[in-house]
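What follows is one structure encoded as structure tokens, with my remarks underneath.
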Amino acid sequence: MILSQASAGDHVTLQTLPGHPALCQRLKAMGIKPGVRLEVIRRGRPGGILHLAHGMFEFMLRQEHARQMEVCADEAAQASSQPPA
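Residue 0 is where the sequence shown starts when you use numbering that gives the first Met the number 0, and the numbers rise one by one after that.
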């Protein structure tokens, strides 16, 4: 799935970085690279920005860049964040 499809509260593992070279370099400098786990804290209005976290580090990402980033849903983390039935 692509990062822009993730919902608030989702935990995902990053698979690919966006194609924009300067943004790739900036993300790598912040420790954001394939294999890291991200949490979607909140989503801006449709077409807005994503508020993401990697550990204690939080950052914002435009939808246009999030659409270029492949992620895998982290099912175990999402299941543990759900209240018991």
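Note that beta-carbon positions come from the ideal geometry of N, C-alpha and C, so glycine has one too.
Note that the structure is predicted; figures quoted are calculated from it, not measured.
Where H64 is concerned, the enclosing alpha helix (DSSP H) starts and stops at 62-65. About 7 Å separates the CB atoms of L51 and E57; that is less than 8 Å, so the two are in contact.
Taking 9 Å as the cut-off, the Cβ atoms of I1 and E69 count as close. In the three-state scheme derived from DSSP, where H, G and I count as helix and E and B as strand, A72 is classed as strand. One Cα belongs to Q67, the other to H10, and the distance between them is close to 18 Å.
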